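**Q** If you scroll down you'll find the structure; I have some questions about it.
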Amino acid sequence: MKIASNTVVQFHYAVSDANGEIENSRQYEPVLYLHGQPGLLDGLVSAMEGHEAGDVFSVSLSADEAYGPKQENAIQKVQVKHLQGAKKWKPGMIAVIQTEEGPRQVTVIKVGLSQAEVDANHPLAGRDLTFDVEILDVREATEEELAHGHAHGAGGHHH
């Protein structure tokens, strides 16, 4: 079966930039997603269209196509007490802060006694990326998956 709208795709990926591999899903369970629903980068979704189980391919995305350019105005000062995810903070750590749009991941740049400087850019913003993808399985989505707008793993629904 070929990947098309309303199919469930199971795949592994490795993402790299000019400096080498950044992340590899093989350390974890394969990614499972409902094709045609939000959740993956548009360029990755487009590249998957028409592939089937067993296919291995690469897709390169410019920074603009991936996570966008790095925004200089995304560096902010916040109260340390508003950082969620750890008790002690060091530069380079990822924290969660609550914003008007909901929770957002930020990278800690500098930590003072009461304030921290954080970068709200996506950690991969401003980087051209290459995804090496292996499609493991493609199947029709169930009615329940279509109603919920996302794929369900083995054993059904787990919210």
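The sequence shown begins at 1 in UniProt numbering and counts up by one. Every residue gets a Cβ at the ideal spot worked out from N, C-alpha and C, and that includes glycine. This structure is a prediction, so every number in the text was calculated from the model and none was measured.
Distance, Cα to Cα, isoleucine 92 vs valine 108?
**A** The question names isoleucine, but residue 92 is glycine in the sequence shown. Rounded to the nearest angstrom, the two C-alpha atoms are 5 Å apart.
**Q** Name the two residues that bound the continuous alpha helix (DSSP H) containing glutamate 134.
**A** It is not in any alpha helix (DSSP H) - glutamate 134 instead sits in the beta strand (DSSP E) that spans 129 to 140.
**Q** Buried or exposed: histidine 158, going by 16 or more other Cβ atoms within 10 Å of its Cβ?
**A** The predicted position of histidine 158 is uncertain, since its pLDDT is 49 and thus under 50; a value taken from the coordinates is nonetheless stated next. Classification for histidine 158: exposed.
**Q** So what does alanine 14 bridge to, in DSSP terms?
**A** Alanine 14 is bridged to Asn24, Asp132.
**Q** Spell out a yes or no on whether the region 37 to 48 and the region 64 to 71 are touching, meaning 3 or more CB-CB pairs, one atom from each, closer than 8 Å.
**A** Cβ pair count under 8 Å is three or more, so yes.
**Q** What did DSSP end up calling isoleucine 97 once you bin it into helix, strand or coil?
**A** Correct three-state label for isoleucine 97: strand.
**Q** Can you find the residues in the same chain that come closer than 7 Å, C-beta to C-beta, to alanine 53, ignoring five residues on each side of it along the sequence?
**A** Hits under 7 Å: Ile135, Leu136, Asp137, Val138.
**Q** Counting only runs of 3+ residues fully inside the region 29 to 90, write out the beta strand (DSSP E) ranges in chain order.
**A** Counting only runs of 3 or more, we get 31 to 34, 56 to 61, 75 to 79.
**Q** Please classify leucine 129: is it buried, with 16 or more other beta-carbons within 10 angstroms of its beta-carbon, or exposed?
**A** Leucine 129 is buried by the Cβ-count criterion.
**Q** Just the Cα atoms here: how many angstroms apart are alanine 120 and isoleucine 75?
**A** Whole-angstrom Cα-Cα distance: 6 Å.
**Q** Put alanine 116 into one of helix, strand or coil per three-state DSSP.
**A** It is a strand residue.
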